[in-house]
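Q: Residue numbers (my numbering): 7 to 291.
Each residue gets a CB set at the ideal place from its N, CA and C atoms; glycine is no exception.
Pasting a structure below so you can have a look.
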Ligand code: NAP
């Protein structure tokens, strides 16, 4: 029986540290979130971010903009936040309405305030393994979980399934930077089972319930399930057939309660980190 990785507990512990550290400053880290339109799921995510930020003693700005805002109007709003000395971290909640070019919007965020690490210049820094402002939230949360459970990635075969810009792509680069041997799989990958069977660490970010079956996983592997799918009753499922896989692996994350809580936790760590970077000279005085 595997060790069940408790993302809720790890996240709680890290957030307590963030809160404690924040109390030590005479100034509040400030996270600004922009939400465009009224998508209910996005609203829930943004409310959770705001609630957590306030609980930690951060300042929280939420800019709710109308669905029909123009691209240039949105760019203007981001520029205001870029130039506002009080704002340390900026997040634009995705997805954006179809008439707005998300890439252009992400490129407008000042790289030093890009709390999600989505800006191409920040992603490029990960690619060349140079110093970044902060790491993207979900990949960072996954590496925090591995670290917390004493799981080293160095020299291991790590297989990542899913090549999105928010999870799989940056995570695979971060694993390479930590000396793992990485295979990045996607929908055009052939012989997926052969590849996943070779994984010491298997990370799935696909979004298909029960996609990872027992016969695809090596005995003793570490399994990290990033997938979140909500059924009609609102029940959450991961990518991994948890019940059949959990008996043969060494570590496994549940859904919910695994990677999920780590994403918001990393977001708060990143906000504090950007705040410290921007105030470095001030603290040193
Ligand atoms: P995404 O944009 O939804 O893309 C899915 C990825 O899976 C794509 O790269 C796709 O390949 C690949 N894929 C689809 N079918 C496949 C197959 N049969 N075999 C191999 N690969 C396949 O990815 P995402 O945004 O990273 O989201 C993935 C899942 O993670 C979703 O369930 C999402 O809700 C969840 N998620 C969770 C968190 C969290 O905090 N826990 C954060 C972010 C995302 P192609 O590129 O070839 O299309």
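1) Within its chain, find whatever has a CB closer than 8 angstroms to the CB of residue 79; leave out the 5 residues flanking it on each side and keep chain order.
2) Give the secondary structure of residue 56 by DSSP, where H, G and I count as helix, E and B as strand, and everything else as coil.
3) For residue 44 and residue 131, what's the separation of their Cα atoms in angstroms?
4) With a 10 Å radius around its C-beta and 16 neighbouring C-beta atoms as the bar for buried, classify residue 199 as buried or exposed.
5) For residue 42, which option in 58, 89, 68 and 24 has the closest C-alpha, if you only look at C-alpha atoms?
6) Looking at C-alpha atoms only, which residue of 30, 29, 171 and 74 is the closest neighbour of residue 102?
7) How is the beta strand (DSSP E) around residue 210 delimited, first residue to last?
8) Can you tell which of 217, 172, 92 and 277 has its C-alpha closest to the C-alpha of residue 193?
9) Quick one: what does DSSP say residue 217 is sitting in, helix, strand or coil?
10) Please report the distance separating the alpha-carbon of residue 258 from that of residue 92.
11) State the Cα-Cα distance for the pair residue 139 and residue 195, rounded to the nearest angstrom.
12) Say the cut is 8 angstroms; is the CB of residue 48 nearer than that to a heavy atom of the ligand NAP?
A: For this structure:
1) Translated into the one-based positions of the chain shown, residue 79 becomes position 73. The answer, listed in chain order, is 71.
2) Against the chain shown, residue 56 aligns to sequence position 50. Correct three-state label for residue 56: helix.
3) For the purposes of this step, residue 44 is identified with residue 38 of the chain shown, where counting begins at 1. For the purposes of this step, residue 131 is identified with residue 125 of the chain shown, where counting begins at 1. Their Cα atoms are separated by approximately 34 angstroms.
4) For this step, residue 199 is matched to residue 193 along the chain shown. Label assigned to residue 199: exposed.
5) Walking along the chain shown from the start, residue 42 turns up at place 36. Measuring from the Cα of residue 42, the nearest candidate turns out to be 68.
6) Residue numbering aside, residue 102 sits at position 96 when the chain shown is read from its first letter. With distances taken between Cα atoms, residue 102 lies closest to 74.
7) In the chain shown, counting from the first residue as 1, residue 210 sits at position 204. Residues 207–210.
8) The residue you call residue 193 lines up with position 187 of the chain shown. Comparing Cα positions, the closest option is 217.
9) Taking the chain shown and counting its residues from 1, the one referred to as residue 217 is at position 211. Correct three-state label for residue 217: coil.
10) Here the question's residue 258 lines up with position 252 in the chain shown. Here the question's residue 92 lines up with position 86 in the chain shown. The straight-line gap from Cα to Cα measures roughly 40 angstroms.
11) Your numbering for residue 139 matches position 133 in the chain shown. Your numbering for residue 195 matches position 189 in the chain shown. Taking the straight line joining both Cα atoms gives about 33 angstroms.
12) Position 42 of the chain shown, counted from the first residue, corresponds to residue 48. No, Cβ of residue 48 sits at least 8 angstroms from all heavy atoms of the ligand NAP.
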